[in-house]
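In this note's numbering, the protein residues as written are 10 to 330.
Each residue gets a CB set at the ideal place from its N, CA and C atoms; glycine is no exception.
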Ligand code: 8YV
């Protein structure tokens, strides 16, 4: 069985050390001549460890005739063509569950920062304006009496909903299907939900199915008092439409942890005071990233030992190696 492991780009030390210990790891980025390595060794590669830095599409995977697993760091795997992998007997694994609570915590932090202008008021203090001009102006927004509409009520969406309930928010949701295990009202159409809520909070994954789902029409429906929070993927929001909506006061404000072209954040957003911008830190604690990293290692070790992968994605159910 081909058991060589390819790592195309650097990943966290815990993953590198865990895979190096197998004696079969090949780090492509450190090689003097990666093209020659690939030409001579492509058929020996059984596993790829990736962190979303490169597109692992059909063309990429087809270089490796004996590829069996692509282990993705992150619950979102929009940079891997899982449908293609599924059709070609390749398992894609991701890192669900271990990051759920951390991302949900971050979402609530971002929500409160945005609604109560905490970044702006901190900037005010640091600029010395509290002492020179007096108290920071009262915020127009509050969580009191508000309704949040969650886009994509998966595991992370539900953990966010639980927290929102504890904060006294009313919760509704939109997704592909209504969910049996929740009593929150379901909206079959996103634009209808956007009309009815104060806060639109997106946890939606990336990929072609969700590309620019939050567009000018949805933002117009959210309205001049509405707030957008995005903790899922930047590609879900039409960023140009969002910038225009914020600029024209079509919506009130936004809190964003994810962007269309990370790490490049549009200068227009950076210049705006009514947005809170975080550098994709949803899961970014040592605690949670270590758990995610270990899951990448464990999925590949399972493959090497001939055991079932721990967290295969839905498009690539495990049958046997
Ligand atoms: C990570 C994430 O920041 O899991 C995901 O899908 O977006 C985050 O937890 C990202 O995967 C790191 O590359």
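With 16 or more other Cβ atoms from the protein chains shown falling within 10 Å of its own Cβ, residue 183 counts as buried.
Residue 70 and residue 304 have their C-alpha atoms some 21 Å from each other. Using a Cβ distance threshold of 8 Å, residue 320 and residue 102 count as a contacting pair.
Pairwise C-beta distances place the region 244 to 251 out of contact with the region 191 to 202, as fewer than three of them are shorter than 8 Å. Judged by pairs of C-beta atoms under 8 Å, the region 63 to 78 does not touch the region 124 to 140, as fewer than three such pairs exist. Under the 8 Å Cβ criterion, the region 207 to 218 counts as touching the region 226 to 235, having at least three qualifying pairs. For residue 195, the three-state secondary structure derived from DSSP is strand. Residue 90 sits close to residue 67, with the two beta carbons spaced by under 8 Å. By the criterion of a C-beta distance shorter than 8 Å, residue 139 is surrounded in its chain by 133 and 145, once the five residues flanking it on both sides are discounted. Contact between residue 99 and residue 84 does not hold, since the beta-carbon distance rounds to 19 Å and is not under 8 Å.
Burial state of residue 137 is exposed, judged by a 10 Å Cβ sphere holding fewer than 16 other Cβ atoms. Residue burial annotation: residue 38 is exposed, with fewer than 16 other C-beta atoms found within 10 angstroms of its C-beta.
For residue 167, the closest C-alpha among the options 275, 153, 267 and 106 is that of 106.
Apart from sequence neighbours up to five positions away, the residues of its chain that approach residue 239 with a beta-carbon distance below 6 Å are 211, 246, 265 and 267, ordered along the chain.
When rounded, the separation of the alpha-carbon atoms in residue 316 and residue 164 is 26 Å.
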